[in-house]
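See structure below.
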Amino acid sequence: MSLAGFTLLVITALCMAVANLLMKTGITAAGGFSPSVRALVRLCREPGFVFGFALSGIAALMWFRILATQKLSTCYPLFVSLTYMLITLAAFYFLHEKISVQKMAGLVAIIAGITAVARG
36 MSLAGFTLLV
46 ITALCMAVAN
56 LLMKTGITAA
66 GGFSPSVRAL
76 VRLCREPGFV
86 FGFALSGIAA
96 LMWFRILATQ
106 KLSTCYPLFV
116 SLTYMLITLA
126 AFYFLHEKIS
136 VQKMAGLVAI
146 IAGITAVARG
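Numbering of the sequence shown is given in this note's numbering, commencing with residue 36 and proceeding in unit increments.
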């Protein structure tokens, strides 16, 4: 994986993590979500959700560029693991979600995996 590809992948994972946090806070501020037109209208009035949704679209466009220029067998595991790690840590810090010992051990394993895949 090239340095430019890896940099774009990290930026894409960061955008996706932020997008998920924004959508989560928007859904919470809207009072939750159920599959209905009314719930969808409430979400569209929440700036956090709208911005998070737009940011996930931007991240998807960046992901398409990664797919066009990098090996899928390398970039997909890196993207998923980086996104998982960033969302878990951000949810702990910003949303005050708890991280169990098992989840922390999993994050350490993911970081080791990211390192191994990135070097291979």
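Here a beta-carbon is modelled for each residue, glycine too, at the ideal position from N, C-alpha and C.
Return the Cβ separation of residue i and residue j in integer angstroms, given the expectation that the two are a contact with Cβ distance under 8 angstroms.
i    : j    : result
L38  : M97  : Rounded, the Cβ-Cβ distance is 16 angstroms, inconsistent with contact.
L57  : F84  : 7 angstroms
L130 : K59  : 7 angstroms
R77  : A65  : 4 angstroms
A54  : L90  : 4 angstroms
G40  : Q105 : 4 angstroms
V45  : L117 : 7 angstroms
I134 : A52  : So it is not a contact: roughly 15 angstroms between Cβ atoms.
Going by DSSP in three states, residue i sits in which element: helix, strand or coil?
i    : result
K133 : coil
M51  : helix
M139 : helix
What number of angstroms, rounded off, separates the C-alpha of residue i from the C-alpha of residue j?
i    : j    : result
I145 : M120 : 8 angstroms
C110 : K138 : 23 angstroms
G148 : R73  : 43 angstroms
M36  : G92  : 24 angstroms
V152 : F114 : 11 angstroms
T47  : C79  : 24 angstroms
G141 : S71  : 36 angstroms
T63  : V143 : 29 angstroms
F88  : E81  : 11 angstroms
P112 : L102 : 12 angstroms
Uninterrupted beta strand (DSSP E) stretches inside the stretch 57-131 (no shorter than 3 residues) | none
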